[in-house]
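Student: The sequence shown begins at 308 in the working numbering and counts up by one.
A virtual CB, placed ideally from N, CA and C, is assigned to each residue, including glycine.
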Amino acid sequence: MSARLRSLPTDGQTIDVAHREGGNALTTFWVDRNLGFAVAAGVAAMFALLSAWLTPRGPITTSEALATVIAALVVGVLCGLFTGSRWSLLFAPVIFLALFELARAGVSGPTVDSIHLGSLYGAIAFVVGRVVHGLLTLLPMVLGALVGVGLAGRWGNGTARPFGLGSWLLTTLLALLLIVIFVAIAQPARTAPILGTDGAPLPGSIAELTTVTLGGHEQALMLRGRSTDNPVLLYLAGGPGGTDLGAMRLDTGLEQRFVVVTWDQRGAGKSYPALDPTATLTLDQMVADTVELTHYLRDRFDEEKIYLVGQSWGSTLGVLAAQAHPELYHAFVGVGQMVSQRETDRLFYEDTLAWAEQNGNEALVAQLQAQGPPPYGNLLDYEPALSHEHDWNAYPEFNVENEMPAILFVPEYTWLERINGFRSFLDTFSVLYPQLQGIDFRADVARLDVPFYMVLGEHEARGRAVLAEEWFQMVDAPSKEQITFEGAGHRPNFDRPSEFAALMTRVVEETGAKQ
């Protein structure tokens with residue numbers, strides 16, 4: 308392709324502009340550098356404002372993440388082309404960050420609020436809320452700007468410094484990193500089929516990841532079982548904001564006897580995109596969602612009643628749902644039963660303070676004494692009182708494989724859903740937990756009109772076990788039984804999965820569900 312060169316003076320410099328394909332349209336911006344930077348600033352600003360409008364918490368779905376990466380790459384290329392300057396590598400990201408943060412100022416939650424790196428919870432919030440977003444926007448923007456500047460030089464902008472070895476290496480490394488991230492994000496979630504003895508999917512079984520609309524919000528379910536004719540078991544995870552799909556996949560015992568439905572509640576895990584608007588995320592709405600999901604399962608599997616199992620916060624939600632609509636459930640099984648979150652936190656505070664004093668942890672003692680006992684207005688303030696449980700309540704068989712973050716690394720989650728597992732632990736918790744401070748089943752729930760089974764671990768913390776046993780003695784029910792699993796802690800269903808599956812089989816036999 309032929310080229311005709313001319314020299315254009317600007318700011319005491321000379322720019323050689325090659326009249327090649329694409330060069331003429333950009334000559335004006337290269338000659339007037341202020342204009343070029345102004346247009347590039349406008350492009351970065353528009354991207355920031357559009358991102359804040361469409362994805363105020365950053366990309367939280369696979370499609371949003373992929374679109375963000377592509378858009379940021381294009382924005383970077385345009386900024387590099389319009390300016391023809393390597394300053395665009397810094398200029399465009401800074402404008403994007405400043406305007407994005409300003410434009411989303413009305414959104415609340417630990418992952419989008421002010422940065423607090425002095426605590427573990429604060430550091431996690433920063434990483435999943437801002438570092439991940441930076442990888443998906445700033446990395447491709449910088450790469451795009453490098454490419455744009457390189458193209459500007461090739462198309463005749465003489466002030467665009469030619470690529471040297473360092474530039475080529477940086478561009479290549481950023482491109483390879485972006486490709487790895489893009490491929491990881493694009494991997495779909497899946498759950499393995501249930502196989503028969505012949506190695507083929509078992510006829511009549513179910514292994515499905517799906518969504519259902521509850522309370523006007525799309526929420527995620529994992530359904531697994533050897534036969535759709537078996538009784539239905541709805542599992543409510545702890546939290547608020549917890550996701551247990553990975554923990555439920557560690558053992559398949561329940562799948563042999565039940566259609567096991569693991570629900571990522573609104574704002575949790577795979578259902579994190581349903582978090583907003585947070586004004587409608589209330590305790591009453593969570594109970595209503597539980598009942599609506601129960602009706603969906605009854606209709607889908609042609610069941611008059613189902614089994615309800617709740618762990619930790621899920622046991623609070625389960626009690627409230629069973630109390631409101633006992634006619635929908637064969638039985639309620641509370642695992643790691645919660646009774647009063649406020650009183651539990653107060654006892655945890657006492658035990659943590661005592662442990663810190665006994666072990667000479669003066670910094671922690673000072674911090675706890677300065678804060679005083681809970682409840683607190685800020686989620687981050689709970690960390691000193693609650694995060695040391697396994698220091699003062701260690702037990703020999705504690706298994707980190709049953710806990711966050713290990714349980715997120717199963718194929719049932721996409722890359723973004725694993726990130727959302729952390730986000731929901733922070734953002735959803737901060738919305739719902741203050742609403743639980745007035746709950747105390749010892750005063751509020753004197754009766755459950757369903758058979759009630761309470762499962763505790765031998766090593767359950769005092770702040771939960773004492774209250775659970777007190778309430779169990781007080782509550783009236785058609786039948787009730789307390790079961791303690793030796794060697795287990797707060798999650799006995801996961802610490803002793805085979806024992807829990809055997810217990811649930813007995814529950815079916817005792818409550819007369821269809822065989």
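1) Under 8 angstroms Cβ to Cβ from residue 538, same chain only, skipping five residues before and after it: list those, please.
2) Using CA atoms only, rank isn't needed, just tell me which of 808, 798, 818, 811 is closest to residue 549.
3) Mapping the DSSP letters down to three states, classify residue 529 as helix, strand or coil.
4) Going by beta carbon distance, what residues of the same chain come within less than 8 angstroms of residue 718, once the five residues before and after it are set aside?
5) Are the segment 593-610 and the segment 744-757 in contact at 8 angstroms, needing three or more beta carbon pairs?
6) Are the Cβ atoms of residue 552 and residue 571 separated by less than 8 angstroms?
7) When DSSP labels each residue in this structure, what does residue 394 get in the three-state scheme?
8) Restricting to Cα atoms, I'd like to know which of 595, 361, 576, 692 is closest to residue 716.
9) Assuming the contact rule is C-beta atoms closer than 8 angstroms, residue 560 and residue 795 should be a hit. Round their C-beta distance to whole Å, please.
10) Ends of the alpha helix (DSSP H) at residue 621?
11) For residue 362, list the residues DSSP reports as bridge partners.
12) Return the chain-ordered list of same chain residues with a C-beta closer than 8 angstroms to the C-beta of residue 360, the five sequence neighbours on each side being excluded.
13) Buried or exposed for residue 813, going by 16 or more other Cβ atoms inside 10 Å?
14) Can you tell me the Cα-Cα spacing of residue 625 and residue 480, whole angstroms?
15) Let's see if you can read the secondary structure: which residues bound the beta strand (DSSP E) around residue 797?
16) What is the DSSP secondary structure of residue 330, reduced to helix, strand or coil?
17) Please name the residue, chosen from 437, 423, 429, 340, that lies closest to residue 363 on a Cα-to-Cα basis.
18) Less than 8 angstroms between the C-beta atoms of residue 744 and residue 691, yes or no?
19) Who are the near neighbours of residue 317 in its chain, counting only those whose CB is closer than 6 angstroms to its CB and skipping five residues on each side?
20) Could you give the distance in angstroms between the alpha-carbon of residue 365 and the alpha-carbon of residue 377?
21) My output table needs one value for residue 637: the three-state DSSP class, helix, strand or coil.
22) Once DSSP output is grouped into helix, strand and coil, what is the label at residue 513?
23) For residue 387 and residue 661, I'd like the C-alpha separation in whole angstroms.
24) Between the C-alpha atoms of residue 467 and residue 400, what's the straight-line distance to the nearest angstrom?
25) If you count every other CB in all the chains shown that lies within 10 Å of the CB of residue 778, and 16 or more means buried, which is it?
26) On the DSSP bridge list, what partners appear for residue 695?
27) Helix, strand or coil for residue 313, going by three-state DSSP, please let me know.
28) Sort out for me which residues DSSP pairs residue 524 with in a bridge.
29) Quick one: what's got a C-beta closer than 6 angstroms to residue 728's C-beta in the same chain, skipping five residues either side?
30) Report the three-state DSSP secondary structure of residue 783 (helix, strand or coil).
31) So, is residue 868 buried or exposed, given that buried needs 16 or more other C-beta atoms within 10 angstroms?
Tutor: Looking at the atomic coordinates:
1) 564, 565, 566, 610, 613, 614, 637, 815, 820, 821
2) 798
3) strand
4) 496, 497, 498, 499
5) no
6) yes
7) coil
8) 576
9) The pair is not a contact, with the Cβ atoms about 15 angstroms apart (cut-off 8 angstroms).
10) 620-631
11) DSSP, once it has assigned bridges, lists no residue as partnering residue 362.
12) 410
13) exposed
14) 50 angstroms
15) Residue 797 -> no beta strand (DSSP E), and no H or E assigned at all.
16) Confidence at residue 330 is low in this model, with a pLDDT of 47, below 50, so the placement of that residue is unreliable and no value is reported for it.
17) 437
18) no
19) Residue confidence for residue 317 is low, a pLDDT of 45 falling below 50, so the modelled location carries little weight; the figure read from the coordinates is stated next. So the qualifying residues of the chain are 338.
20) 14 angstroms
21) strand
22) strand
23) 59 angstroms
24) 19 angstroms
25) buried
26) According to DSSP, residue 695 bridges with nothing at all.
27) Its pLDDT being 44, under 50, residue 313 is placed unreliably by the model, and the measurement read from it follows with that caveat. Reduced to three states, the DSSP call for residue 313 is strand.
28) 521
29) 550, 576, 715
30) strand
31) Any question about residue 868 goes unanswered here, given that the chain covers just 308 to 822.
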